[in-house]
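*Asks:* Below you'll find the structure I mean.
Protein chains in written order, with this note's numbering: chain L, 980 to 1126; chain Y, 25 to 153; chain D, 163 to 824; chain E, 661 to 925.
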């Protein structure tokens, strides 16, 4: 369904951020006053490997238009290896989602360290732009959740 | 936007240079082979663009003395690349007034039997629109 | 059903200027489970906390949501407050409406909307929170210091003086580090060795300090209070107990061609060597790569001349495994390689040197016995040019983005020392900025200019050309005179950028301590917790955390020691209660969770499982709460959904997702 | 080994030596240089302005021609090499330039920087190898002390040209060693000869060339080699009496024993 009024379209975006790097990176973006759209809402998880694919499916089911997961850079995971598991899981999940019509652009994994406030903000800006260009997500949505 | 701001914007766009990145170390001017001939020095070009002061640049003799040797581009520690700014200013100057520094009439007297084509071609590319 | 109180902080105007806090408070009252909501100027203040405590008592609250700054800032504050008021601290959740909302949005309506949603998500989560109780773990009363430079030595001394055992692991044959290579120190110009050597001796003699030189950390496991570390003691080929340090072996060693690391390759050393005269321990090592005996089987001269019979060609690397309560990283720095900066001709002329090489040349124990001379022909230079910021403050991949901080001061020192000892030598310093913040630092630099006549020119050097007559032509800018200079010099000294020691990456990985893009170790908080790593029990000392000079390094070393002592002084530590937990009714004992656990916290036991319609002996997963760090890898791997993470349960996170997407 | 070959204007007139000795040497080394059809002048200097398209089109045609032949493109003249490599990089990496150039040119297959541009020296180093080259030398130039003059265009910008270390290059020195001579390293080997300034300001160019030749001579060079007709011209005009300067291909042909045959062709 092409959206004609994209200017008005405010996507719902869920961002999972690991406690050690990305959440701190988001904090740094905040304390550096690096803006990004309010459409992004962050959920703190201890590690990117805590993100169950179920959570992402649930988000889309409940009407999210995009889901982004952020973790420590490969090799820098606070728990040594968590982000590697997360990366593998998300690769599989995203290609499956793409297959059923939730475009690749709606899902993203990004490594953001605690020092990368700039990167966090830039990533979120980019991601929101991308979701805006894709328009509203129409797949997976639970009809009961439609407003 | 007034004319000077517009020109400054244009020069930043053509050159792709962000003068804000300059830390004013002067390394560009340190090895510029044409430094002595320039009325506005390579490092000053960056400041002028940063201050949106473009008129003097388009009138500067320096435009015709830059050798495009890229020494300043290579050695700049901040990735500012003053040489690109000079070239952008030169293009603006040429676009404003048409060919200026070299006319075909001059060629015969500048020519000798060994002069390679490369020299004429390069000079025309750099000195005329 | 929970009875939740929502507390919205204004944070002065930090939040209230962008978020309509009243509206957030009002909306909160309509959320499920919320029985109380109020806003206040500063929730973290004494008065704010009193309001929370009062509401807990009055309204019988079971859960708290504070809408405020990042939980990284004040989560502990509010949890402690709740605990004092009688509810479990893990019933508190923070909605981050400052860093994640008010500070990054400008539009009040939009920011308020988002703040409401963040509040809702936190409320939704608290509705599912359960009280959690931290476990306890013991503290091993021993500290490990990695790196034996001035930072490591000072940290070790301070910890040891407090009465705790300390091990220093140093990878080179002697402690002393970079400071032992320096000639004089700024801004007082006292001799580096004169102030360092006593500290080295003190550390070596201290009955609580144990020094492992020529050793490296090989493996680290465990966690705060209870680290287990493998240290590889590399084979020294000399028996530490027998060697008397007479030095005869070094005199006789026929392999003399190895560049001396201590003298930055300016001269050579023997295969069996101590790096410098005051080395501690004063026991040589055999460099097996250079030793003729090891290369060809012949020679053995050192063994023949050693009256103590200390030479042991058969010695093997030894692995020592020890337990530690705290680990301090003090791995220090090196100067960058200059092969990417050949416009300065470092690789083309021996008379272009780094400042650290100049330290060795100026040092009475150095390769020129302290006589200032050119390495190419031994002549005394008449014109010396110093180039600042070589590889520092670079935006490209050739150099480092940061200011190396120490160069301005040591260059002023070098310039001054040279002018003092050789008044007829001209000294020119090319600078971009002279940065001298520090006590008596600017005065020091001004003295170099005013009293010693050092010629400071603002402008960077663009190229150094070695000339056939042995001189060096220096092309530079004089920005204040708007001139291009072409200056003849006979020695050029480059203030090369400093960078963290190459080994730090590996050490950081072993410790799961984070490092930044420049390989400096990251602090737990850049301002408020500058000597702690985000990894509990790991502390930072010296340049491994960022460029600093000796006084700052010593100060930080002391601070790191205090933090370590604070930890070691505890008998027990509270552990993070947000650990994984297996539901034995759902677990089928498949072992997948144990495979992904980085801490070996999951084991299996067969036991009687009873539930609705179930009564059988079955293999089920059991999580060791002391070992589990709560990453959650197992929860996602578990195919039957038996594994969940307390404090971040599936239901809690899904509730947050739902609240956000509502 | 077959390559597309782009000689450029000057090699067809004033710099025939650079061209003919390269061809003869290539043949001796088993490399076929196939001149692309209807090649056009590269423009001599790379247009730095990011909004300049017209001045880049000729280079794109040359690059696309090599692409259509399925070959890598070999160049000899430093300037052509510089321009082609940089335009190629633009076509590969700068969306705006690629789109506008392709829109204008309407090639059968749009061009997106597929061609690999090589300097003949890079072929010698990376394809043949200087050790192999050394084995094929029949007249080693033993005892000759040669200074390599790189100039600007071969090396800079270093990251983009990816030719050699822009501040401490070794490719020409290795070449000199391979043909049996002794390289002389001097600091001005990557400084500018004046380039096109010599058309209107001969004195300036002379000043720079005297620095170059003076330094090289001081360090013991008996001659210079270059890959650029304009460098050769400038140095010859300004300082030819200080040091002779040759195209590197001439010495290569001599070392490989094919110079006379090439002269007689």
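Backbone N, C-alpha and C define an ideal beta-carbon position, used for all residues, glycine too.
Would residue 622/D count as contacting chain E if we go by Cβ distances under 8 Å?
*Replies:* Translated into positions along the third chain, residue 622/D becomes position 460. By this cut-off, residue 622/D is not an interface position.
*Asks:* Going straight from the alpha carbon of residue 571/D to that of residue 350/D, what length do you get?
*Replies:* Residue 571/D sits at position 409 when you count from the first residue of the third chain. Residue 350/D sits at position 188 when you count from the first residue of the third chain. Looking at the two C-alpha atoms, the distance is approximately 11 Å.
*Asks:* To the nearest angstrom, how far is the alpha carbon of residue 640/D from that of residue 726/D?
*Replies:* Here residue 640/D corresponds to residue number 478 of the third chain, with the count starting at 1. Here residue 726/D corresponds to residue number 564 of the third chain, with the count starting at 1. If I take the Cα positions, the gap works out to 50 Å.
*Asks:* Chain Y partners of residue 826/E, CB-CB under 7 Å?
*Replies:* Indexing the fourth chain from 1 puts residue 826/E at position 166. What residue 826/E touches in chain Y: 98.
*Asks:* With distances taken from CA atoms, which of 773/E, 793/E, 710/E and 887/E is nearest residue 720/E?
*Replies:* As a working note, residue 720/E is residue 60 in the fourth chain. Residue 720/E has its Cα closest to that of 773/E, out of 773/E, 793/E, 710/E and 887/E.
*Asks:* Run down chain L in chain order and give the residues with a C-beta less than 7 Å from the C-beta of residue 548/D.
*Replies:* Taking the third chain and counting its residues from 1, the one referred to as residue 548/D is at position 386. Within chain L, no residue comes near residue 548/D; the closest Cβ sits about 32 Å away, beyond 7 Å.
*Asks:* Which of the three DSSP states, helix, strand or coil, is assigned to residue 909/E?
*Replies:* Residue 909/E sits at position 249 when you count from the first residue of the fourth chain. Helix, per DSSP.
*Asks:* Alpha carbon to alpha carbon, what distance is there between residue 184/D and residue 271/D?
*Replies:* If you number the third chain from 1, residue 271/D lands on position 109. If you number the third chain from 1, residue 184/D lands on position 22. If I take the Cα positions, the gap works out to 12 Å.
*Asks:* Mind pulling the chain E residues with CB within less than 8 Å of residue 510/D?
*Replies:* As a position in the third chain, residue 510/D is number 348, starting the count at 1. Here the neighbours are 828, 845 and 847.
*Asks:* Cβ closer than 9 Å: which chain D residues qualify as neighbours of residue 80/Y?
*Replies:* In the second chain, the residue the question calls residue 80/Y occupies position 56. The contacting residues do not exist; residue 80/Y stays about 14 Å from chain D at best.
*Asks:* Output needed in chain order: residues of the stretch 479-507 of chain D with a Cβ under 9 Å from some Cβ in chain E.
*Replies:* Going along the stretch 479-507 of chain D in chain order, one finds 501, 502, 503, 504, 505, 506 and 507 with a Cβ nearer than 9 Å to chain E.
*Asks:* So, does the CB of residue 873/E fall closer than 8 Å to a CB anywhere in chain Y?
*Replies:* Counting from one through the fourth chain, the residue named residue 873/E turns up at place 213. So no, residue 873/E is outside the interface.
*Asks:* Quick one: what does DSSP say residue 982/L is sitting in, helix, strand or coil?
*Replies:* Locating residue 982/L in the first chain gives position 3, counting from the first residue. Low per-residue confidence applies at residue 982/L: pLDDT is 46, beneath 50, and the placement is therefore not dependable enough to give any value.
*Asks:* Just list the alpha helix (DSSP H) runs in the stretch 989-1022 of chain L, keeping only unbroken ones of 4 residues or longer that don't cross its boundaries, in chain order.
*Replies:* DSSP runs (the alpha helix (DSSP H)) wholly in the stretch 989-1022 of chain L: 1001-1010.
*Asks:* Going by DSSP, what residues sit across from residue 1090/L in a beta bridge?
*Replies:* Sequence index remark: in the first chain, residue 1090/L carries index 111 (1-based). Paired residues: 1050/L.
*Asks:* Three or more beta-carbon pairs under 8 Å between the stretch 456-468 of chain D and the stretch 658-670 of chain D, yes or no?
*Replies:* Contact fails: fewer than three Cβ-Cβ distances are below 8 Å.
*Asks:* Identify whether residue 160/Y lies in helix, strand or coil by the three-state DSSP scheme.
*Replies:* The question about residue 160/Y has no answer here: the residues shown for chain Y are numbered 25 through 153.
*Asks:* By the criterion of Cβ-Cβ separation under 7 Å, what are the contact partners of residue 699/E in chain D?
*Replies:* Indexing the fourth chain from 1 puts residue 699/E at position 39. Residues of chain D passing the Cβ test: none, with the nearest at roughly 35 Å.
*Asks:* Between the Cα of residue 1071/L and the Cα atoms of 1092/L, 1086/L, 1119/L and 1095/L, which residue gives the shortest distance?
*Replies:* One-based indexing of the first chain puts residue 1071/L at position 92. The residue with the shortest Cα to Cα distance from residue 1071/L is 1086/L.
*Asks:* Give me, in chain order, the residues of the same chain whose beta-carbon lies closer than 6 Å to that of residue 106/Y; leave out the 5 immediate sequence neighbours on both sides.
*Replies:* Indexing the second chain from 1 puts residue 106/Y at position 82. Closer than 6 Å at Cβ, skipping near neighbours: 52, 66, 69, 70 and 96.
*Asks:* DSSP state of residue 791/D, grouped into three classes?
*Replies:* As a working mapping, residue 791/D is identified with position 629 in the third chain. Of the three classes helix, strand and coil, the one that applies to residue 791/D here is coil, per DSSP.
*Asks:* Enumerate in chain order the residues of its own chain whose CB-to-CB distance from residue 581/D is below 8 Å, with the five nearest sequence positions on each side excluded.
*Replies:* Indexing the third chain from 1 puts residue 581/D at position 419. For residue 581/D, where only same-chain residues beyond five positions count, the Cβ hits under 8 Å are 587, 589, 610, 614, 615 and 616.
*Asks:* Tell me the DSSP secondary structure of residue 198/D in three-state form.
*Replies:* Here residue 198/D refers to the residue found at position 36 of the third chain. DSSP places residue 198/D in strand when its eight states are reduced to three.
*Asks:* On the three-pair Cβ rule with 8 Å, is the stretch 816-824 of chain E touching the stretch 725-732 of chain E?
*Replies:* These segments do not touch.
*Asks:* Are the stretch 85-96 of chain Y and the stretch 108-118 of chain Y in contact at 8 Å, needing three or more beta carbon pairs?
*Replies:* Yes, the stretch 85-96 of chain Y is in contact with the stretch 108-118 of chain Y.
*Asks:* Just the C-alpha distance for residue 411/D and residue 444/D, rounded to the nearest angstrom, thanks.
*Replies:* Position 249 of the third chain, counted from the first residue, corresponds to residue 411/D. Position 282 of the third chain, counted from the first residue, corresponds to residue 444/D. Their backbone Cα atoms lie some 13 Å apart in a straight line.
*Asks:* Going along chain Y, which residues have a C-beta under 9 Å from residue 901/E?
*Replies:* Indexing the fourth chain from 1 puts residue 901/E at position 241. Within chain Y, no residue comes near residue 901/E; the closest Cβ sits about 15 Å away, beyond 9 Å.
*Asks:* Under the rule that 16 or more other beta-carbon atoms within 10 Å means buried, what is residue 985/L, buried or exposed?
*Replies:* The count along the first chain starts at 1 and reaches residue 985/L at position 6. Confidence in residue 985/L is poor, its pLDDT being 49 and thus under 50, which makes the residue's placement too unreliable to answer from.
*Asks:* Where does residue 189/D fall in DSSP's three states?
*Replies:* As a position in the third chain, residue 189/D is number 27, starting the count at 1. Correct three-state label for residue 189/D: helix.
*Asks:* Give the DSSP bridge partners of residue 665/E, in chain order.
*Replies:* One-based indexing of the fourth chain puts residue 665/E at position 5. DSSP, once it has assigned bridges, lists 695/E and 734/E as partnering residue 665/E.
*Asks:* Determine the chain D residues that contact residue 102/Y at a beta-carbon separation under 9 Å, and present them in chain order.
*Replies:* Residue numbering aside, residue 102/Y sits at position 78 when the second chain is read from its first letter. Simply 555, 556, 557 and 558.
*Asks:* Just curious, the beta strand (DSSP E) that residue 637/D is in, first and last residue?
*Replies:* Residue 637/D sits at position 475 when you count from the first residue of the third chain. First-last of the beta strand (DSSP E) with residue 637/D: 634-640.
*Asks:* Could you tell me which chain L residues have their CB closer than 7 Å to the CB of residue 854/D, listed as they occur along the chain?
*Replies:* Any property of residue 854/D remains undetermined from this structure, which presents chain D solely from 163 to 824.
*Asks:* So residue 94/Y contacts chain E; which residues on that side make the cut at Cβ distance below 7 Å?
*Replies:* Numbered from its first residue, the second chain carries residue 94/Y at position 70. Going along chain E in sequence order, the residues near residue 94/Y (Cβ under 7 Å) are 812, 816 and 817.
*Asks:* If we count the other Cβ atoms within 10 Å of its Cβ and call it buried at 16 or more, is residue 540/D buried or exposed?
*Replies:* Here residue 540/D corresponds to residue number 378 of the third chain, with the count starting at 1. Exposed: under 16 other Cβ atoms inside 10 Å.
*Asks:* Quick check: what's the CA-CA separation for residue 664/D versus residue 1095/L?
*Replies:* Along the third chain, one-based indexing puts residue 664/D at 502. Along the first chain, one-based indexing puts residue 1095/L at 116. For residue 664/D and residue 1095/L, the distance between alpha carbons rounds to 22 Å.
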